[in-house]
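Asker:
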Amino acid sequence: EQTNLSENVHPALAAVALWGALIWLSMVEGSQASMVGLPPVDIELYRESHPIAAKICERGHKGDNLDRYLMGRQFMVLALVFVIN
156 EQTNLSENVH PALAAVALWG ALIWLSMVEG SQASMVGLPP VDIELYRESH
206 PIAAKICERG HKGDNLDRYL MGRQFMVLAL VFVIN
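Residue numbers for the sequence shown follow our numbering, so the first one is 156 and each next one is one higher.
(1) State the DSSP-derived secondary structure class of S204, mapped to helix, strand or coil.
(2) Assign M190 to buried or exposed, taking buried as 16 or more other Cβ atoms, counted over all protein chains shown, within 10 Å of its Cβ.
(3) Is the number of C-beta pairs between the stretch 206-214 and the stretch 226-236 that are closer than 8 Å three or more?
(4) Label L177 either buried or exposed according to how many other C-beta atoms from any shown protein chain fall within 10 Å of its C-beta, with 16 as the threshold for buried.
(5) Under three-state DSSP, which class holds V254?
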């Protein structure tokens, strides 16, 4: 049986959900590039200019947190691409 969700929901909600998911996906992808690219860079180079990034990297690069983040990020990307499609 077909659902009638698309008939009952305003198209503006679909547009907002689409753009929200695209923006979220871009943030997830950008943070992944930063988390993977920053470990070889000395944290003292950006600690004062980018304090939030320094705090995130301190926690993210400790132990196996980066591997955990990448695994969780992959599931998030799958969910976001599913919503976008």
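Ideal Cβ placement from N, Cα and C applies to all residues, glycine included.
Answerer: According to the data block:
(1) Your numbering for residue 204 matches position 49 in the sequence shown. Three-state DSSP puts S204 in coil, outside helix and strand.
(2) Counting from one through the sequence shown, the residue named residue 190 turns up at place 35. Buried, by the Cβ-count rule.
(3) no
(4) Here residue 177 refers to the residue found at position 22 of the sequence shown. The residue is exposed, with fewer than 16 neighbouring Cβ atoms inside 10 Å.
(5) No answer is possible for residue 254: the residues shown for the chain start at 156 and end at 240.
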